[in-house]
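Enquirer: Numbering (the working numbering), first residue to last: 17 to 412.
(1) Measure how close the beta-carbons of residue 150 and residue 160 come, nearest whole angstrom, since I'm counting them as under 8 Å.
(2) In three-state terms, what does DSSP make of residue 167?
(3) What residue does the beta strand (DSSP E) around residue 260 start on, and which one ends it?
(4) Extract the residue ranges of the alpha helix (DSSP H) inside the segment 104–169, only unbroken runs of 4 or more that lie entirely within it.
(5) Is it the case that the segment 45–54 contacts the segment 170–190, given that we only count it when at least three CB pairs across the two stretches are under 8 Å?
(6) Taking the beta strand (DSSP E) that residue 209 belongs to, which residues open and close that run?
(7) Helix, strand or coil, according to DSSP, for residue 302 in the structure here?
(8) Using 10 angstroms around the beta-carbon of residue 316, count the other beta-carbons present and answer buried if the total reaches 16, otherwise exposed.
(9) Are residue 98 and residue 83 close, meaning C-beta to C-beta below 8 Å?
(10) Kindly indicate the opening and closing residues of the alpha helix (DSSP H) around residue 93.
(11) Can you tell which of 181, 349, 162 has the C-alpha that lies nearest to the C-alpha of residue 277?
(12) Going straight from the alpha carbon of residue 20 to that of residue 325, what length do you get?
(13) Span of the beta strand (DSSP E) holding residue 336?
(14) Have a look at 218, 130, 194, 220 and flag the residue whose alpha-carbon is nearest the alpha-carbon of residue 229.
(15) Do the segment 247–257 and the segment 191–211 touch if we need at least three Cβ pairs shorter than 8 Å?
(16) Taking contact to mean at least 3 C-beta pairs separated by less than 8 Å, is the segment 231–240 in contact with the segment 291–298?
(17) Of all the options 68, 169, 101, which has the alpha carbon lying nearest to the alpha carbon of residue 59?
(18) Do residue 201 and residue 222 count as a contact pair if the criterion is CB distance below 8 Å?
(19) Quick one: what does DSSP say residue 348 is sitting in, helix, strand or coil?
(20) How far does the beta strand (DSSP E) with residue 87 in it extend, from its first residue to its last?
(21) Three-state secondary structure (DSSP) at residue 252?
(22) Is the Cβ of residue 188 closer than 8 Å to any Cβ of chain D?
(23) Enumerate in chain order the residues of its own chain whose CB-to-CB distance from residue 25 is below 7 Å, with the five nearest sequence positions on each side excluded.
(24) Could you please give the first and the last residue of the uninterrupted beta strand (DSSP E) stretch that includes residue 194?
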């Protein structure tokens with residue numbers, strides 16, 4: 017494991033305009049084009065000219081990844097000076113950067129006191145690189161196999177905070193400007209901290225910003241939103257974002273899924289599968305990804321594999337089999353590799369692609385299900401054992 021220096025941008029006090037303290041300046045990172053136009057008008061630019069100026073600034077922020085107004089050479093010095101007095105190009109503070117032995121990178125980001133979240137870059141995933149972004153600080157879902165679920169929800173992230181995760185990764189990967197040639201970061205997955213559908217408005221706004229062809233330019237077909245199954249929001253997700261859908265499934269019957277994914281008690285499997293079948297644009301070219309974490313002796317039997325095949329009948333789908341990634345205090349173990357391969361064979365023979373996800377970033381707690389703000393120090397083992405004991409007592 018390698019720990020490196022903070023990557024956050026902290027302009028010197030000398031560079032800060034005396035008339036406006038740094039703490040009162042607002043960052044342009046995360047603003048839509050319309051919001052940027054309003055910011056320019058507020059500086060005294062005529063509305064007729066503000067649209068063009070906003071477009072220029074937009075390109076500098078989202079295509080070139082500008083960190084300093086002085087580089088905006090097609091904008092007059094006077095306007096650049098005005099921008100400097102009211103605004104910044106700062107990203108949230110990176111308070112920790114970890115690099116795994118396998119090249120996975122994890123950033124712990126702070127955007128305000130007590131507001132800390134993680135984002136992870138996974139290189140060379142199916143010949144591309146994926147950035148796993150967070151949509152909330154903490155989570156309300158308490159999935160028993162997930163480390164994030166042991167951290168109480170602090171709040172939803174704003175679209176600006178979501179987009180900033182992409183920009184921080186781009187800064188670190190040295191991937192500005194946003195050309196498509198030789199890009200390492202090609203895909204975005206909303207599989208970090210939180211339930212994206214409980215923050216859908218901000219997630220949708222962030223996807224609009226990330227996918228804009230004049231800026232960061234990561235297409236909607238390369239953006240996947242993972243949900244534990246907030247059924248009433250599925251259609252809205254598809255309509256608003258056009259993103260690819262992933263379902264955090266992990267069980268093929270309500271009895272087990274109620275324990276692993278407690279949200280299932282509210283939206284059971286029959287209701288969830290009906291919502292998936294109605295997802296806008298679903299077809300063989302836009303398949304649903306079902307995520308299935310492999311838990312030893314819990315959900316990994318051949319009978320479970322056959323039940324999974326039956327459950328997916330008629331849905332254009334693929335299954336990501338995820339070896340369980342351990343974390344401090346967990347009561348679960350990862351299935352044996354022989355068991356995982358046998359499970360995959362049954363699903364594959366039924367005509368569904370069932371790749372086994374290679375664990376990445378385990379040594380820095382960056383793998384699937386391991387994300388949790390490091391500032392939260394309370395142990396999760398007692399709470400988890402209590403939930404499991406309660407579930408067992410309900411079965412008796």
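Glycine is no exception: its CB is placed at the ideal position from the N, C-alpha and C atoms.
Predicted, not measured: the structure shown is a model, and the values here were computed from it.
Expert: Per the coordinate set shown:
(1) Locating residue 150 in the chain shown gives position 134, where the first residue counts as 1. Locating residue 160 in the chain shown gives position 144, where the first residue counts as 1. Not a contact, Cβ separation roughly 20 Å.
(2) Position 151 of the chain shown holds residue 167. Three-state result, residue 167: coil.
(3) Translated into the one-based positions of the chain shown, residue 260 becomes position 244. Here the beta strand (DSSP E) through residue 260 covers 260–264.
(4) none
(5) yes
(6) The count along the chain shown starts at 1 and reaches residue 209 at position 193. Neither: residue 209 is in no beta strand (DSSP E) and is coded neither H nor E.
(7) Position 286 of the chain shown, counted from the start, is the residue given in the question as residue 302. Looking at residue 302 - three-state DSSP - the assignment turns out to be strand.
(8) Start at 1 with the first residue of the chain shown, and residue 316 comes out as number 300. It is buried - the Cβ of residue 316 has at least 16 other Cβ atoms within 10 Å.
(9) Residue mapping note: residue 98 aligns to position 82 of the chain shown, counting from 1. Residue mapping note: residue 83 aligns to position 67 of the chain shown, counting from 1. Not in contact: residue 98 and residue 83 (Cβ atoms no closer than 8 Å).
(10) Here residue 93 refers to the residue found at position 77 when the chain shown is read from its first residue. Residues 93–102.
(11) On the chain shown, position 261 is the one that residue 277 refers to. Minimum Cα distance to residue 277 is reached at 162.
(12) Taking the chain shown and counting its residues from 1, the one referred to as residue 20 is at position 4. Taking the chain shown and counting its residues from 1, the one referred to as residue 325 is at position 309. Bear in mind that a pLDDT of 37 at residue 20, under 50, signals an unreliable position, so the number given afterwards is only what the model happens to contain. Inter-residue distance for residue 20 and residue 325 is about 45 Å (C-alpha atoms, whole angstroms).
(13) Residue 336 sits at position 320 when you count from the first residue of the chain shown. Looking at the DSSP string, the run of the beta strand (DSSP E) that includes residue 336 is 333–339.
(14) Sequence index remark: in the chain shown, residue 229 carries index 213 (1-based). Nearest C-alpha to residue 229: 194.
(15) no
(16) no
(17) Numbered from its first residue, the chain shown carries residue 59 at position 43. Of 68, 169, 101, the residue nearest in Cα terms is 101.
(18) The count along the chain shown starts at 1 and reaches residue 222 at position 206. The count along the chain shown starts at 1 and reaches residue 201 at position 185. No, Cβ-Cβ distance for residue 222 and residue 201 is not below 8 Å.
(19) Taking the chain shown and counting its residues from 1, the one referred to as residue 348 is at position 332. Here residue 348 sits in coil by DSSP.
(20) For this step, residue 87 is matched to residue 71 along the chain shown. Note, residue 87: premise wrong, no beta strand (DSSP E); not H, not E.
(21) Locating residue 252 in the chain shown gives position 236, counting from the first residue. Here residue 252 sits in helix by DSSP.
(22) In the structure shown, chain D cannot be found, because there is only a single protein chain.
(23) In the chain shown, residue 25 corresponds to position 9, counting from 1. Because residue 25 carries a pLDDT of 36, less than 50, the predicted location of this residue cannot be relied on, and no value is offered for it.
(24) Taking the first residue of the chain shown as 1, we reach residue 194 at position 178. Neither: residue 194 is in no beta strand (DSSP E) and is coded neither H nor E.
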